[in-house]
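Student: With the first letter of the sequence shown counted as 1, position 69 gets the number 405 in my numbering; the numbers rise by one all the way through. Backbone N, C-alpha and C define an ideal beta-carbon position, used for all residues, glycine too. Predicted model only: the values in this text are computed from it and were never measured. I am attaching a structure below and will ask some questions about it afterwards.
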Amino acid sequence: MVSVPHRRRGFTLFELLITLVVISTTAAVVIPAFFASPEITLENASVLLAHDLRAAQNRSAYLAEPSRFEFFSDGDGYRVVGPRGQVVENPTTGLPFVRRYSEDAVFRGVRILEANCGGDSILEYNAGGQALESARIVLAFRGETRTLELGRTNGRVRILGTTSGFVDRGY
């Protein structure tokens, strides 16, 4: 009888382990370098703020109750409170609607330089989800800035100088 050589199929556990180590090491070096770029971090923070403004507006309209988007005086973030002054749930995450940049590794160092909402730093939405005033918010990170504008009549958010192509579709 003729012996047929045994062919090995697949990968050994050692080969898979080496592959995993290489991928993990590459990710550990590349991901922090990517997010260390001021342009990337600032753009992502701006887009996240735009989405949070829209989520707060939609929440007010859906629940038919007013809410307030309050920017912290220290520039470290914002929160959304309901009609009784309690922090509300973020409809997109199910968590309390509070964002502190200093507590988020990706956005640590981002600051709100200006939050002008009709003369103060509180943006109010009525029970129909309409902003009661226009808003201009300036974010900063490592010497760069990005400005967001929210229209009073239509509630649309614009990011001036966006590099991501962000467009607020109004929902």
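Whose CA, out of F433, R482 and T355, lies closest to the CA of N380?
Tutor: The option with the nearest alpha carbon to N380 is R482.
Student: Here's the rule: buried if 16 or more other CB atoms are within 10 angstroms of the residue's CB, otherwise exposed. What is S360?
Tutor: That one is exposed.
Student: Assuming L385 and L468 form a contact by the criterion Cβ under 8 Å, report the distance between their Cβ atoms to the nearest whole angstrom.
Tutor: With 8 Å as the limit, L385 and L468 do not qualify as a contact, their Cβ atoms being about 19 Å apart.
Student: Just to confirm the assignment, what range does the beta strand (DSSP E) spanning F477 have?
Tutor: Taken as a continuous stretch (DSSP letters only), the beta strand (DSSP E) holding F477 covers A471 to F477.
Student: Just the C-alpha distance for Y398 and G479, rounded to the nearest angstrom, thanks.
Tutor: Distance between the alpha carbons of Y398 and G479: 38 Å.
Student: Rounding to the nearest angstrom, what Cα-Cα distance links Q393 and L459 in this structure?
Tutor: Straight-line Cα distance between these residues: approximately 10 Å.
Student: Which residues bound the beta strand (DSSP E) around N452?
Tutor: R447 to N452 is the span of the beta strand (DSSP E), which, as asked, contains N452.
Student: Would you kindly report the start and end of the unbroken beta strand (DSSP E) that includes S403?
Tutor: From DSSP, the beta strand (DSSP E) with S403 extends over S403 to F407.
Student: Beta-carbon within less than 7 Å of Q466's beta-carbon, same chain only, minus the 5 sequence neighbours each way: which residues are those?
Tutor: Within the same chain, Q466 has close Cβ partners G491.
Student: So which of D412, L389, G411 and V366 has the shortest CA-CA distance to F405?
Tutor: Here the closest residue by C-alpha is L389.
Student: Can you tell me where the beta strand (DSSP E) with V424 in it begins and where it stops?
Tutor: V424 -> no beta strand (DSSP E), and no H or E assigned at all.
Student: Please report how far the alpha carbon of E450 lies from the alpha carbon of E351, in whole angstroms.
Tutor: Rounded to the nearest angstrom, the two C-alpha atoms are 53 Å apart.
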